[in-house]
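I have placed the structure first, in the form of structure tokens, so that the comments after it can refer back to it.
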Amino acid sequence: MLHENLGVNEKGHLTFAGADVVTLAEKYGTPLMLLDEMRIRKTIRTYKQALEENFGAGSYPLFASKALCFKGIYRLAAEEGIGIDTVSVGEIYTAKAAGFDLKKAYFHGNNKTDADIRYAVENGVGTFVVDNEDELRALESYLAAAGKKQDILLRITPGIDPHTHKAIVTGSVDSKFGSAIETGQAEGITRLALSLPHIVLKGFHCHVGSQIFDIDPFTEAADIMLRFIAYIAANTGYTAEVLNLGGGLGVKYVEGQPVLDYAAVIREMAAVIKLRAAEIGCALPHILLEPGRSLVADAGITLYTVGSVKTITGYKSYVSVDGGMPDNPRYALYEAPYTVLLASKADAPSDFKCSVVGRCCESGDILQENVTLPKPVRGDILAVLCTGAYNYAMASNYNRIPRPAVVWVNEGADTLAIRRETYEDMTRLEV
Ligand SMILES: *Cc1c(COP(=O)(O)O)cnc(C)c1O
2 MLHENLGVNE KGHLTFAGAD VVTLAEKYGT PLMLLDEMRI RKTIRTYKQA LEENFGAGSY
62 PLFASKALCF KGIYRLAAEE GIGIDTVSVG EIYTAKAAGF DLKKAYFHGN NKTDADIRYA
122 VENGVGTFVV DNEDELRALE SYLAAAGKKQ DILLRITPGI DPHTHKAIVT GSVDSKFGSA
182 IETGQAEGIT RLALSLPHIV LKGFHCHVGS QIFDIDPFTE AADIMLRFIA YIAANTGYTA
242 EVLNLGGGLG VKYVEGQPVL DYAAVIREMA AVIKLRAAEI GCALPHILLE PGRSLVADAG
302 ITLYTVGSVK TITGYKSYVS VDGGMPDNPR YALYEAPYTV LLASKADAPS DFKCSVVGRC
362 CESGDILQEN VTLPKPVRGD ILAVLCTGAY NYAMASNYNR IPRPAVVWVN EGADTLAIRR
422 ETYEDMTRLE V
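In terms of the numbering used here, the sequence shown opens at residue 2 and continues consecutively.
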């Protein structure tokens, strides 16, 4: 099985976090997303402990909540004592509604509106991650009028391409995010931040990419950022307290991809980063990481009921399910790979090659192509694995399909996390 929270029981049904998923599909209906609560807590604890052990107190993870945003996940983050990365007032509002202490929230985004800035400052968001000079000036002018000060990090573009594992200095300088070191804009915005009376600069942020299995992009980014920190210290006398290295560690979606041991990865990162800091002569700042996908992806699966099964003679077979791109647009967006299982016949031999497709009026509404399953029939339950990240968060009502229910599973026990959307919910805004 892809992950250790999956199994097959004596009925031949897929189990997830100790529960029979076919039973849960009957109880809650489909499409249905299940979340393994203990797995999320364990991964959070792994990150938290590894960061503290290897980088000292003041180094901790922030959950990149764009990966999965709802009140329950913010409550869980609060209980586990970690921070959050938010990218919109909607996320901040949701965290607040869940009782999350916004002092531990970091506010990202390349285009914070004046209204966003006001909302975040008024509600006590701990740290802004300021993207560019324009935002910095808008924030300063709001703070000056409000008579407040605000902690910030500056988002810097180190120029790393995570997929070639090389510091290509021009690689991601051309990005809508951050200020580049190479162009001098990073130094410029740092000097500006230091000169503004209502801005309290705590340090720097960078984010190299996503679904990365190698530590090199992180250590290379850290190296470039530490050199920048040392350069700024030598030229302005300002020493950064915090270096946020962003998110991006990878998750196993399909066989052939590794399962990362996040504690080991952080230990390795720390060894390299400490060595580089010593070489550069830079005091090691507190290190923050912003995992999104790696905290929640493999703690989620989505269940569907199989509908029409058809074979186009001489071509291929299609298995249609009662969800699709509205609850998981990632194949349609970037042909994201997923593992698909027939959950109601999980022990039957797989010999039926097919594409698993959704129910939208859209040929691109595909969950996965060329999968091999036991031949399904109408009414079977199908599972797509590893859907905890960027699925519910990206869900839409395209074709007026209600968003699925989400259920916590905790060592076999199930509780509703998000109720299924109704047709009434969908027309609620319409006058
Ligand atoms: C998306 C994003 C993350 C999370 O990335 P994952 O790959 O989900 O870990 C963290 N920080 C920033 C700034 C991001 O844009």
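We treat Cβ as the ideally placed atom computed from N, Cα and C, and that holds for glycine.
Could you have a look at Gln50 and say whether DSSP puts it in helix, strand or coil?
Here Gln50 sits in helix by DSSP.
Does the beta carbon of Arg40 fall short of 7 Å from some heavy atom of ligand 1?
No.
Through-space distance from Thr306 to Val130, alpha-carbon basis
In this structure, the CA atom of Val130 is about 43 Å from the CA atom of Thr306.
In whole angstroms, give me the CA-to-CA distance for Thr171 and Pro259.
Note on Thr171: pLDDT 48, under 50, position unreliable in the model; the coordinate value appears next. Between Thr171 and Pro259, the C-alpha separation is close to 29 Å.
To the nearest angstrom, how far is the alpha carbon of Ala394 from that of Leu304?
In this structure, the straight-line span from the alpha carbon of Ala394 to that of Leu304 is close to 17 Å.
For Ile41 and Gly82, the rounded distance between their alpha carbons
Each residue's CA atom was taken as its position, placing Gly82 and Ile41 some 13 Å apart.
According to DSSP, is Ala20 helix, strand or coil?
Annotated three-state conformation of Ala20 is strand, per DSSP.
Run the proximity test for Lys203: is its beta-carbon closer than 7 Å to any non-hydrogen atom belonging to ligand 1?
With a cutoff of 7 Å, Lys203 does not count as near ligand 1, since its C-beta is closer than that to no heavy atom of the ligand.
On the three-state DSSP scale, how would you describe Tyr450?
The shown model of the chain, from 2 to 432, leaves out residue 450, and the question about it has no answer.
Sorry if obvious, but does the Cβ on Gly248 come closer than 7 Å to a heavy atom of ligand 1?
The answer is yes for Gly248.
Is DSSP giving Ser351 helix, strand or coil here?
Here Ser351 carries a coil assignment [DSSP, helix/strand/coil].
Just grab the DSSP bridge partners of Ser142 for me.
Note: Ser142 sits in no beta bridge, so no partner.
Among Val273, Asp348, Thr373, Met427, which one has its Cα closest to the Cα of Ile216?
When only C-alpha atoms are compared, the closest one is Val273.
Excluding sequence positions up to five away, which residues of its chain have a Cβ less than 8 Å from the Cβ of Thr423?
The answer, listed in chain order, is Pro403.
For ligand 1, any of its heavy atoms closer than 7 Å to the Cβ of Ser180?
Answer for Ser180: no, Cβ out of range of ligand 1.
Does ligand 1 have a heavy atom nearer than 7 Å to the CB of Ala68?
True, at least one ligand heavy atom lies under 7 Å from that Cβ.
DSSP three-state call for Ile45: helix, strand or coil?
Ile45: helix per DSSP, three-state reduction.
Rounded to the nearest angstrom, what separates Asn6 and Asp37 at their Cα positions?
Rounded to whole angstroms, Asn6 to Asp37 spans 8 Å at the Cα level.
Could you check the C-alpha separation between Ala337 and Gly359 for me, to the nearest Å?
Distance between the alpha carbons of Ala337 and Gly359 is about 15 Å.
Is the closest heavy atom of ligand 3 to the C-beta of Asp132 under 7 Å?
Among the ligands present in this structure, namely ligand 1, ligand 3 is not found.
Thr171 (DSSP reduced to helix, strand or coil):
Legend: pLDDT at Thr171 = 48, less than 50; position of this residue unreliable, value from coordinates given subsequently. Residue state, collapsed to three classes: coil.
Provide the residue span of the alpha helix (DSSP H) that contains Ala156, from first to last.
Looking at the sequence itself, residue 156 is Arg, so the reference to Ala does not match. Bounds of any alpha helix (DSSP H) do not take in Arg156; it lies within the beta strand (DSSP E) bounded by 151-158.
Mind checking whether the beta-carbon of Pro218 lies closer than 7 Å to any heavy atom of ligand 1?
No, since every heavy atom of ligand 1 falls outside the 7 Å radius drawn around the Cβ of Pro218.
Let me know the secondary structure DSSP gives Tyr94 once reduced to three states.
Helix.
Any non-hydrogen atom of ligand 1 closer than 7 Å to Ala222 Cβ
Checking every heavy atom of ligand 1 against the Cβ of Ala222, none is found closer than 7 Å.
Looking at the unbroken beta strand (DSSP E) that takes in Lys203, where does it start and where does it end?
Where Lys203 is concerned, the enclosing beta strand (DSSP E) stretches over 200-206.
State the CB to CB distance for the pair Thr388 and Asn329, rounded to an integer number of angstroms; the pair is presumed to be in contact (CB under 8 Å).
Contact holds; Cβ gap of about 6 Å.
With a threshold of 7 Å (Cβ to nearest heavy atom), would Met292 be considered close to ligand 1?
What sits at residue 292 in the sequence shown is Pro, not Met. In this structure, Pro292 has its CB closer than 7 Å to one or more heavy atoms of ligand 1.
Run of the beta strand (DSSP E) containing Ile367, from where it starts to where it stops
Per DSSP, Ile367 is one residue of the beta strand (DSSP E) stretching across 367-374.
In angstroms with no decimal places, state the Cα-to-Cα distance between Thr95 and Glu269.
Cα-Cα distance, rounded: 35 Å.
Counting pairs of Cβ atoms below 8 Å between the stretch 286-296 and the stretch 246-254, do you hit three or more?
Three or more Cβ pairs drawn from the stretch 286-296 and the stretch 246-254 lie within less than 8 Å of each other, which places the two stretches in contact.
Just to confirm my understanding: we take Lys275, look at its own chain, exclude 5 residues before and 5 after, and list those with CB closer than 7 Å. What are they?
For Lys275, same chain residues with a beta-carbon under 7 Å away, outside a window of 5 residues either side, are Leu285 in chain order.
Contact set for Gln151: own chain, Cβ-Cβ below 7 Å, skip 5 residues either direction
Non-local beta-carbon contacts of Gln151 in its own chain, meaning distances under 7 Å to residues more than five positions away in sequence, involve Val122, Phe129, Leu140, Leu144, His199, Ile200, Val201 in chain order.
Using DSSP's beta-bridge definition, name the partner residues of Pro62.
Looking at the DSSP output, Pro62 sits in a beta bridge with Leu290.
Using only the heavy atoms of ligand 1, determine whether one of them is closer than 7 Å to the beta carbon of Gln212.
Checking the Cβ of Gln212 against ligand 1 gives yes.
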